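J.:
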Amino acid sequence: MMTILAIEFWPSSHLGDIAATFDKCGARTVYVRPEEGEPLPREPDDWDGLVMLGGPQNAEDDARYPYLGDAARLAAAFHEASRPVLGVCLGSQILARAFGARVRRQGWTEVGFTELEPTGAADSDPLLTGFGPVRILEYHEDTFDLPEKATLLLTGERCRNQAFRLGASYGFQCHFECSTALWREWWPQMSDSLLETDPEFHARWPDDFARHEAGAMAFCDAVSGRWLDLVRTNRRLAA
Numbered sequence: 048m049m050t051i052l053a054i055e056f057w058p059s060s061h062l063g064d065i066a067a068t069f070d071k072c073g074a075r076t077v078y079v080r081p082e083e084g085e086p087l088p089r090e091p092d093d094w095d096g097l098v099m100l101g102g103p104q105n106a107e108d109d110a111r112y113p114y115l116g117d118a119a120r121l122a123a124a125f126h127e128a129s130r131p132v133l134g135v136c137l138g139s140q141i142l143a144r145a146f147g148a149r150v151r152r153q154g155w156t157e158v159g160f161t162e163l164e165p166t167g168a169a170d171s172d173p174l175l176t177g178f179g180p181v182r183i184l185e186y187h188e189d190t191f192d193l194p195e196k197a198t199l200l201l202t203g204e205r206c207r208n209q210a211f212r213l214g215a216s217y218g219f220q221c222h223f224e225c226s227t228a229l230w231r232e233w234w235p236q237m238s239d240s241l242l243e244t245d246p247e248f249h250a251r252w253p254d255d256f257a258r259h260e261a262g263a264m265a266f267c268d269a270v271s272g273r274w275l276d277l278v279r280t281n282r283r284l285a286a
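Quick note on the working numbering: the sequence shown kicks off at 48 and runs consecutively.
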């Protein structure tokens with residue numbers, strides 16, 4: 048059985064609908080929660096892959112969250128050991144940091160279902176082949192520069208760097224794991240801030256989820272399953 052390590056950087060920022068695909072594909076997932084004081088492993092050990100999830104932290108704020116540097120080093124160790132990494136939102140920014148790229152404030156908040164355009168490289172990418180433009184939920188204030196030697200896979204009109212690949216490691220700025228059910232878990236923590244940040248989306252999110260959730264969840268299932276295929280292949284090659 049494949050074993051996946053998932054880093055949950057914030058309470059309720061869990062795998063969401065990615066978990067359903069992992070369960071369907073027979074992968075076992077174990078969480079580590081550094082915000083709750085659980086130490087991160089120093090090495091990949093017996094894990095077959097690493098998933099890093101979202102949170103409100105800035106990916107380079109080691110003064111307030113000293114475990115962020117540890118997460119970047121662990122992601123680099125997984126990558127160097129040819130064990131796939133999947134970064135989502137904050138996780139993508141930490142992955143970019145692990146590869147030496149800068150993470151920075153973009154000066155505005157991207158929130159809501161954003162249209163993401165595949166680049167030419169996505170046509171032959173193991174995770175994104177066959178996809179046209181997709182609308183996926185976003186909620187972030189920071190962005191990452193594209194790491195050296197990385198391939199840009201998805202781009203947006205206002206926030207350019209939306210997904211990248213370096214080897215078998217992938218970073219996705221969007222929250223493709225987020226269904227209505229997960230959003231409702233987040234809602235009590237962020238309703239007030241969202242009302243201030245984007246009152247229009249605060250009011251219209253039920254309609255937006257009704258229109259775009261099915262497509263986003265199909266994307267989630269396909270990308271999660273294809274990423275597990277990479278994990279399975281790399282595990283077989285290493286055996």
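All C-beta atoms in this analysis are idealised placements derived from N, C-alpha and C, irrespective of residue type, glycine included. Keep in mind it's a predicted model, so treat the numbers as computed, not measured.
As a quick exercise: from Thr-244, Ser-240, Glu-162, pick the residue whose alpha carbon is nearest that of Asp-255.
T.: When only C-alpha atoms are compared, the closest one is Glu-162.
J.: Identify every residue that forms a DSSP beta bridge with Tyr-78.
T.: Paired residue(s): Ala-53.
J.: Less than 7 Å between the beta carbons of Ser-59 and Trp-230, yes or no?
T.: No; because the gap between Cβ atoms is not below 7 Å, this pair is not in contact.
J.: Arg-151: which of Ile-183, Gln-104, Pro-113, Leu-175 sits nearest, CA to CA?
T.: When each option's Cα is compared against that of Arg-151, the closest is Gln-104.
J.: If you draw a straight line from the alpha carbon of Gly-101 to that of Leu-121, how long is it in whole angstroms?
T.: Distance between the alpha carbons of Gly-101 and Leu-121: 16 Å.
J.: So the candidates are Val-270, Arg-80, Val-79, Asp-93; which of them puts its Cα closest to the Cα of Met-48?
T.: Considering only alpha carbons, the answer is Asp-93.
J.: Of all Cβ atoms in chain B, is any one closer than 7 Å to the Cβ of Arg-279?
T.: Reference to chain B is not applicable here, since this structure consists of a single protein chain.
J.: Whose C-alpha, out of Leu-87, Thr-190, Pro-253, is nearest the C-alpha of Trp-155?
T.: For the residues Leu-87, Thr-190, Pro-253, the minimum Cα distance to Trp-155 belongs to Thr-190.
J.: Give every residue of the same chain whose Cβ lies closer than 7 Å to the Cβ of Phe-125, excluding the five residues on either side of it in the sequence, and list them in chain order.
T.: Correct list, in chain order: Pro-91, Leu-97, Val-132.
J.: Could you tell me the distance, in whole angstroms, from the CA atom of Val-278 to the CA atom of Ala-118?
T.: Answer to the nearest angstrom: the Cα atoms are 19 Å apart.
J.: Please tell me whether Glu-266 and Val-158 are closer than 7 Å, where the distance is taken between their beta carbons.
T.: Note that residue 266 is Phe in the sequence shown here, rather than Glu. Taking 7 Å as the Cβ cut-off, Phe-266 and Val-158 do not qualify as a contacting pair.
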